[in-house]
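In my numbering, the protein residues as written are 82 to 360.
Where a beta carbon is used, it is the ideal one built from N, C-alpha and C, also for glycine.
Notes follow once the structure below has been shown.
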Ligand code: SF4
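Written as structure tokens, this is what we have:
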């Protein structure tokens, strides 16, 4: 547990400007182990600092049987830690829910390709509502390495370099931090159990994103053959970013014609996926 806490603090110091006064961090908490451990560790590390405010929110994608227990778990943890918590749903902002999107049968690609952009949009809205300086995401080492590798396999160099954590502020977008990204998924789970942190073990029924699952198996196989492979990939990513002009910055430089939010295209992925360009 001490090792995890030490690595967490080390990464937090890298990603957060600790010398800055009056910081608000909005934590995106799903109620699962990663985001619950993240909230717990942020609270444990920063709660004595009077000039740091931690708040939390949950995005409700509208996935029956999966999201409601996660929300309840998040609310209970926040109550225990004395942290303000809010919820925002796809239904209220995008006028649809993931169950409806999936049942429509009109999906081009995986459910996650729809859910991801809409979720990121809501996370940003919630963080702006809270006037947060950072939004903290519970992304562990395994998740982060899979995302790096998926961008490598797509040949998307710029997108890989622009992954969170962000050290750059773009008007209308709250920088994302990922202080768990050097901690193995197994360690996060173990920490949650040992520290008795409330969390939900539910699994999204739409999570079978074929490409990510293949990448997960590939990286896990390599890690088994050569322990430390995941840390090596993460270190390689850090070195590439240190030498890059675009690292840690957002892709979105223009404005979405529908919602006006920062976007890399004419219409942002969130409006596109919610079908708002057809209305
Ligand atoms: S697994 Fe995919 S569909 Fe399920 S909540 Fe995550 S991004 Fe959304």
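In terms of residue numbering, what span does the beta strand (DSSP E) encompassing residue i cover?
{"i": "residue 137", "result": "133 to 141"}
{"i": "residue 217", "result": "215 to 217"}
{"i": "residue 231", "result": "From DSSP, residue 231 is part of no beta strand (DSSP E) but of the alpha helix (DSSP H) over 222 to 235."}
For the alpha helix (DSSP H) containing residue i, list its first residue and its last residue.
{"i": "residue 101", "result": "Careful: residue 101 lies outside any alpha helix (DSSP H) and carries neither H nor E."}
{"i": "residue 259", "result": "Run containing residue 259: none; DSSP gives neither H nor E here."}
{"i": "residue 170", "result": "First-last for residue 170: 166 to 170, but that is the beta strand (DSSP E), not the alpha helix (DSSP H)."}
{"i": "residue 318", "result": "310 to 323"}
{"i": "residue 126", "result": "114 to 127"}
{"i": "residue 238", "result": "238 to 242"}
{"i": "residue 82", "result": "Taken as a continuous stretch (DSSP letters only), residue 82 belongs to no alpha helix (DSSP H), as it is neither H nor E."}
{"i": "residue 156", "result": "148 to 162"}
{"i": "residue 203", "result": "192 to 210"}
{"i": "residue 183", "result": "179 to 184"}
Count the other CB atoms, across all protein chains shown, that sit within 10 Å of the CB of residue i; report buried if there are 16 or more and exposed otherwise.
{"i": "residue 299", "result": "exposed"}
{"i": "residue 275", "result": "exposed"}
{"i": "residue 179", "result": "buried"}
{"i": "residue 354", "result": "buried"}
{"i": "residue 250", "result": "exposed"}
{"i": "residue 87", "result": "exposed"}
{"i": "residue 150", "result": "exposed"}
{"i": "residue 91", "result": "exposed"}
{"i": "residue 245", "result": "buried"}
{"i": "residue 268", "result": "buried"}
Please indicate yes or no: does the CB of residue i lie closer than 7 Å to some heavy atom of the ligand SF4?
{"i": "residue 308", "result": "no"}
{"i": "residue 344", "result": "no"}
{"i": "residue 231", "result": "no"}
{"i": "residue 337", "result": "no"}
{"i": "residue 288", "result": "yes"}
{"i": "residue 110", "result": "no"}
{"i": "residue 197", "result": "yes"}
{"i": "residue 179", "result": "yes"}
{"i": "residue 192", "result": "yes"}
{"i": "residue 142", "result": "yes"}
{"i": "residue 200", "result": "yes"}
{"i": "residue 340", "result": "no"}
{"i": "residue 159", "result": "no"}
{"i": "residue 285", "result": "yes"}
On a Cα-Cα basis, can you pick out the residue from the options that is closest to residue i?
{"i": "residue 193", "options": "166, 142 and 297", "result": "142"}
{"i": "residue 303", "options": "223, 248, 238 and 263", "result": "223"}
{"i": "residue 195", "options": "145, 248 and 175", "result": "175"}
{"i": "residue 315", "options": "262, 341, 128 and 339", "result": "262"}
{"i": "residue 320", "options": "242, 171, 206 and 237", "result": "242"}
{"i": "residue 206", "options": "139, 248, 188 and 186", "result": "139"}
{"i": "residue 215", "options": "345, 255 and 166", "result": "255"}
{"i": "residue 227", "options": "266, 248 and 260", "result": "266"}
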